[in-house]
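**Q**
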Amino acid sequence: ARYEAVLLDQFGVIHDGNDPFPEAVKCIEELHRRGIRVVILSNSSRRAAQCLRKLEREFGVHPELLHGALTSGELAFNLLAKEPAEIQAELQLERGFLGTRMIHTDWATRGRPKVQTPARPSIPQVPPQYTAVGRDSLAAEFVLAHGTQGFAAPDGCVEEASFENVVAELRAYAGRRDAGPMICANPDLVTVDGGILRDMPGKLAIEFERAGGDVVRLGKPDPRMYTEALRFVDVASERCLAVGDSLQHDVMGATRAGIDSVFIAAGILAKPFELCPCASEFEATHGRWRQSAKAVSAILDEVILEEQNEMSIESASDLTPSFALPYLVW
């Protein structure tokens, strides 16, 4: 086989946020049967173990089919678990140590299990030495962005707030002279959610920077994500294939890491291809896409140009995938 490992995105590839795409699990099963290591590489702010549990429980992806998972949330947890001096050196903080008191933006409802299962030990999102301060920005030493639906309180509950309100409070904090950085544990701008797009923490990061704050993004397309992934699968970059629905994150991150990529069209960029990022539309749209490959190629070129201009990316080749598919199919 040309490839020994596949780095597989979740949302918009395996599932639409609510339901699995019909052929996705079959594709993973075939990769496993052929001895190809499949690793979930996701910008999810959840820990890797949580990601694997949810894939099994809600989408039918059994753990034995996967070599493992690496998520932005796992990178964030591992960073924060280090000694203060290590964190300072890694993030190159100019104002001193990161501190332990944080404005923690999180999810209030998103990501809660839809399928009841026997109780399992909880998986902490943040090491125990850190304390969320709710909306008390005067007490905060930095920001941790896991979600966009509100602010975590010291007791672990999330005080819900609109996206606009979360942005306003973060911008106010970023404008302070003594503001600490934002650790963004999900750099995605949007994700699919049953056929619609939802705002993600990457948008909070952009607003934080516009207000003068410093941001550390943990996840695709950052090279650290791919360094960890290649170390995890123990495969050379040229023997690895990355699959995802984001040109800015999945394709560009893979390209810059020397990894071939597959762009999945029926994800966050589905609209220009006349696809729907919804599993229920698979049968209605998959055949039409395959019958108009030349038209799709032209559309992809236009989409790449738009993404390049929107993000001020110097080279369109960074956003150009090695292959393109409408959905994840074998």
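Numbering-wise, the sequence shown is residues 119 to 448 according to my numbering. Ideal placement from N, C-alpha and C gives every residue a C-beta, glycine not left out.
1) Is it true that the segment 186–194 meets the segment 321–341, where meeting means three or more beta-carbon pairs spaced less than 8 Å apart?
2) Which residues in the same chain have their Cβ closer than 6 Å to the Cβ of Asn-136, if we skip the five residues on either side of it in sequence?
3) In the DSSP assignment, what residue or residues form a beta bridge with Arg-316?
4) Alpha helix (DSSP H) containing Arg-175: first to last residue?
5) Need the endpoints of the beta strand (DSSP E) that Arg-219 sits in, please.
6) Give the DSSP-derived three-state secondary structure of Thr-403 in the structure shown.
7) Thinking just about the alpha-carbon of each residue, which of Leu-173, His-180, Gln-168 and Thr-189 is nearest to the one in Leu-159?
8) Taking 8 Å as the cut-off, decide whether the C-beta atoms of Gly-385 and Val-310 are in contact.
9) Can you tell me the Cβ-Cβ gap for Arg-454 and Glu-287, rounded? I've got them flagged as a contact below 8 Å.
10) With 16 other CB atoms within 10 Å as the buried threshold, where does Asp-273 fall?
11) Can you give the Cα-Cα distance for Leu-443 and Asp-306, rounded to whole angstroms?
12) In this structure, what does DSSP give as the bridge partners for Val-156?
13) Evaluate Met-429 with the Cβ neighbour count: other Cβ atoms within 10 Å of its Cβ, from every protein chain shown; 16 or more gives buried, anything less gives exposed.
14) Helix, strand or coil: how does DSSP classify Pro-272 here?
15) May I ask you to verify whether the segment 218–229 touches the segment 257–270, counting CB pairs closer than 8 Å and requiring at least 3?
**A** From the atom records:
1) yes
2) Gly-312
3) Thr-309
4) 166–177
5) 219–224
6) helix
7) Nearest option by C-alpha distance: Thr-189.
8) yes
9) For residue 454 there is no data in the structure shown, the boundaries of the chain being 119 and 448.
10) Asp-273 is exposed by the Cβ-count criterion.
11) 21 Å
12) Val-124
13) Exposed.
14) coil
15) yes
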